[in-house]
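Each residue of the sequence shown is one higher than the one before, counting from 80 in the working numbering.
Glycine is no exception: its CB is placed at the ideal position from the N, C-alpha and C atoms.
Since we're looking at a predicted model, the values are computed, not measured.
First comes the structure, then the notes that go with it.
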Amino acid sequence: MEEAGDEEGEQGLRLGGVGDGADGEEEVARGVVAPQVLELSSSSSGEEGGSWEEEESQGSVEVTRGGGGDREARVSESRDSAEVNGGEAESQSLPGCPICMNAWTADGAHRVSCIPCGHVYGRSCLERWLLQCRKKPATCPQCGRRFKLNNIINLYAPEISVPNNDLEKQVLSLREKNVSLEKQNQELVQEINEHKRQIILQQNFINESSLKRKKMADQSSHGTTDADSVASLTADDGHSSPCSFVLQNEFFLDGARVMGIDASSQIILTSGRAPGIGAEHVLTKLSMSRQGLQKIHLPSDTKAIRDICILLGGHVVFASLGKKLSLLSMTTDSVVLHYDLPAPGWSCSGDQNSPNHIYAGLQNGMLLTFDIRQTVAPLHSMMGLSTHPVHTIHSVVDGGGSRKVISASSIGPCIWDVDGSRNRPDLLNGMENHGVCISLACNPPSSDLLVASFRPKVELSDDGTSQAGKSQSPTPSASGKLGCHALIRRTSNTSFARDQICRGNVSGLRMSKSAIIPCTGRSNQQHLFAYGDESLRGVRTWRLPSLQTFADLRPHRQPILDLRFAESSSTGERYLGCLSEDRLQVFRVR
Numbered sequence: 080m081e082e083a084g085d086e087e088g089e090q091g092l093r094l095g096g097v098g099d100g101a102d103g104e105e106e107v108a109r110g111v112v113a114p115q116v117l118e119l120s121s122s123s124s125g126e127e128g129g130s131w132e133e134e135e136s137q138g139s140v141e142v143t144r145g146g147g148g149d150r151e152a153r154v155s156e157s158r159d160s161a162e163v164n165g166g167e168a169e170s171q172s173l174p175g176c177p178i179c180m181n182a183w184t185a186d187g188a189h190r191v192s193c194i195p196c197g198h199v200y201g202r203s204c205l206e207r208w209l210l211q212c213r214k215k216p217a218t219c220p221q222c223g224r225r226f227k228l229n230n231i232i233n234l235y236a237p238e239i240s241v242p243n244n245d246l247e248k249q250v251l252s253l254r255e256k257n258v259s260l261e262k263q264n265q266e267l268v269q270e271i272n273e274h275k276r277q278i279i280l281q282q283n284f285i286n287e288s289s290l291k292r293k294k295m296a297d298q299s300s301h302g303t304t305d306a307d308s309v310a311s312l313t314a315d316d317g318h319s320s321p322c323s324f325v326l327q328n329e330f331f332l333d334g335a336r337v338m339g340i341d342a343s344s345q346i347i348l349t350s351g352r353a354p355g356i357g358a359e360h361v362l363t364k365l366s367m368s369r370q371g372l373q374k375i376h377l378p379s380d381t382k383a384i385r386d387i388c389i390l391l392g393g394h395v396v397f398a399s400l401g402k403k404l405s406l407l408s409m410t411t412d413s414v415v416l417h418y419d420l421p422a423p424g425w426s427c428s429g430d431q432n433s434p435n436h437i438y439a440g441l442q443n444g445m446l447l448t449f450d451i452r453q454t455v456a457p458l459h460s461m462m463g464l465s466t467h468p469v470h471t472i473h474s475v476v477d478g479g480g481s482r483k484v485i486s487a488s489s490i491g492p493c494i495w496d497v498d499g500s501r502n503r504p505d506l507l508n509g510m511e512n513h514g515v516c517i518s519l520a521c522n523p524p525s526s527d528l529l530v531a532s533f534r535p536k537v538e539l540s541d542d543g544t545s546q547a548g549k550s551q552s553p554t555p556s557a558s559g560k561l562g563c564h565a566l567i568r569r570t571s572n573t574s575f576a577r578d579q580i581c582r583g584n585v586s587g588l589r590m591s592k593s594a595i596i597p598c599t600g601r602s603n604q605q606h607l608f609a610y611g612d613e614s615l616r617g618v619r620t621w622r623l624p625s626l627q628t629f630a631d632l633r634p635h636r637q638p639i640l641d642l643r644f645a646e647s648s649s650t651g652e653r654y655l656g657c658l659s660e661d662r663l664q665v666f667r668v669r
């Protein structure tokens, strides 16, 4: 019997299911073999010697499944096969027990278990394997290490999952693609909504224009006209008109605040905020020669932009409440330089004589001078007469050719000697008792004519309630307050004097921009003053120096926030831009 057993071990030992030897022999006689075969190759263990290891290392292991749930295993091993495969089967992650190919269970007879070498099997398969080995040492079918019954360790796991690296990579790749597609979808939805909004605004404008044309036609049939329906203007008296305004472009915007006009390149920049809650602040780039706009995204710490100034050489400087003075390249549409400010920026300007110098007016009343060739710190820091925000800056040249800066804060207009040694500005004469200065118009580089706009001061009465100055007349309209516009004329290189004054409806909250428009007269240079009248929700112009009302331009739905006059250095074309929260009108000045 021992010789027969040895011979059977050399040729391969066929093991049947759990039961007595007679049942196993009956299975062999039947010759039932399952079609699924798992080959587990292994190398011989170098830790343990003996004839059993030598006999095991000469064959291969085959585990077959028989019909009716009975299992048969044929054990043989091959040293040559192990050397060729290099433990390939050992590195594979199988979905179930490597012996029976059935799934593991969390409990029961076929619960997931492991042996000291670390390989995992169903417990009933390991016990069956020990029974079939009888008195011979049992070894791991995958690596050949010996184990005993008491070496079997139950693994307690509620759920068994075998990772597949390829599938994981595919899942991660699909997730990344899904995130990218969702982002693209959101951008497309935003773009579609923006186009829809633009279409609605344009349709409303078309409807308004149609109604106005119909109204004009009805009035023409009765021999009358409506001055508000005319796109240009109507003069106030019989004097010759110094200029006319022809509407060239009208753009529909959302949340606009300030703007800058580059007349030479026919480009307009407006500041605003992207749609959505907590959206970033952006610049909108508009072309005056063709329709369409482009959004320029800004760094997240920029915050609201208070002022924009177009510089020579294709650059734009803007001041923001994020304590930043930024330089934008019009070529690349990106911010190329940042200056950190000690306080939020409220105004900015370029220098009329030096393309490298720029100025910033701060919320704390300071004026800073920068050289864009130096990126670290300002050249000069000057303290103001108060800690009120410097909301307007104009770079000018006096009669002697010296550089000056004209600024305005709530206390009134001031002049700064940026070339001299003075560290504080001077308040212009006669500007002390007109109220709160909210705007200052100038025609740089000349400072011969200035127009300062004021609103009434808010004073506290004896009972603690606030009231406007009693010297002011009551406001004739529910929109804004009744303020005044004061003409200031230069009398010498260092002194100014107040001239004419007129009334006008001004904002009770905002500090809107105003403009002086030079017009070529028949005999000499004439000027107009333009301001966004709150009662009109449009631009009203006055003659200078008389401050007589000249004309009202086409009204907006929202109050006027910014006015900019610009002249092309190459063609001489002149433009006036009028900006409200939802609309930008560009007039050609003739």
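- Setting aside the 5 residues that flank it on each side, leucine 441 is surrounded in the same chain by Leu420, Pro421, Ala422, Pro423, Gly424, Trp425, Leu447, Pro468, Val469, each with a C-beta closer than 8 Å to its C-beta; the list follows chain order.
- Distance from lysine 364 to aspartate 412 at the Cβ level is roughly 7 Å; contact confirmed, criterion being Cβ atoms closer than 8 Å.
- With fewer than 16 other CB atoms across the displayed protein chains lying within 10 angstroms of its CB, valine 258 is exposed.
- Of the other Cβ atoms in all chains shown, fewer than 16 fall within 10 Å of the Cβ of proline 434; this residue is therefore exposed.
- Nearest neighbour of serine 586 by Cα position, chosen from Ser532, Leu623, Ala609, turns out to be Ser532.
- Comparing C-alpha distances from serine 323 to each of Phe331, Leu663, Arg653, His376 shows the shortest one belongs to Arg653.
- The stretch 506 to 526 makes no contact with the stretch 619 to 634: fewer than 3 CB pairs, one atom from each, lie closer than 8 Å.
- Remark: C-beta atoms of isoleucine 595 and cysteine 521 approach each other more closely than 8 Å.
- Between the beta-carbon of alanine 236 and that of alanine 185 there is about 6 Å, and that keeps the pair under the 8 Å contact cut.
- Here the alpha carbon of leucine 267 sits roughly 14 Å from the alpha carbon of alanine 353.
- In the DSSP assignment, glutamate 646 falls outside any alpha helix (DSSP H) and within the unbroken beta strand (DSSP E) covering 639 to 646.
- With 16 or more other CB atoms across the displayed protein chains lying within 10 angstroms of its CB, glutamate 613 is buried.
- According to DSSP, tryptophan 495 shares a beta bridge with Val484.
- Shortest Cα-Cα distance from valine 618 to any of Arg662, Asp498, Met461 involves Arg662.
- Within the same chain, Ser350, Gly351, Arg352, Ala353, Leu377, Thr381, Lys382, Ala383, Ile384, Ser399 come within 8 Å of histidine 360 by CB-CB distance, once the 5 residues on both sides are set aside.
- In the three-state reduction of the DSSP assignment, lysine 364 falls in the strand class, which pools E and B.
- Taking a 10 Å sphere around the C-beta of aspartate 245, we find fewer than 16 other C-beta atoms and assign the residue as exposed.
- Here DSSP, grouped into helix, strand and coil, assigns cysteine 598 to strand.
- A straight-line Cα-Cα distance of about 51 Å links alanine 342 and leucine 251.
- Comparing alpha carbon positions, the residue from Lys560, Cys598, Asp527 closest to arginine 577 is Asp527.
- When DSSP assignments are scanned along the stretch 376 to 445, the uninterrupted stretches of beta strand (DSSP E) that are 3 or more residues long and fall wholly within it turn out to be 384 to 390, 394 to 399, 403 to 408, 413 to 419, 424 to 429, 436 to 441.
- Boundaries of the alpha helix (DSSP H) harbouring glutamate 206: 202 to 212, taken from the DSSP string.
- The beta strand (DSSP E) runs of length 3 or more contained entirely in the stretch 494 to 523 are, from start to end of the chain, 515 to 522.
- Contact between isoleucine 485 and valine 475 holds: CB atoms are separated by about 6 Å, below the 8 Å threshold.
- Per DSSP, reduced to three states, the secondary structure at glutamate 329 is strand.
- Only residues of its own chain outside the window of five on either side were considered, and among them Leu528, Val530, Leu566, Ile595, Gln605, His606, Leu607, Phe608 have a CB closer than 8 Å to the CB of leucine 623, listed in chain order.
- Rounded to whole angstroms, the Cβ separation of glycine 429 and cysteine 388 is 6 Å, and the two are in contact under 8 Å.
- According to the DSSP assignment, glycine 223 belongs to no beta strand (DSSP E), since it is labelled neither H nor E.
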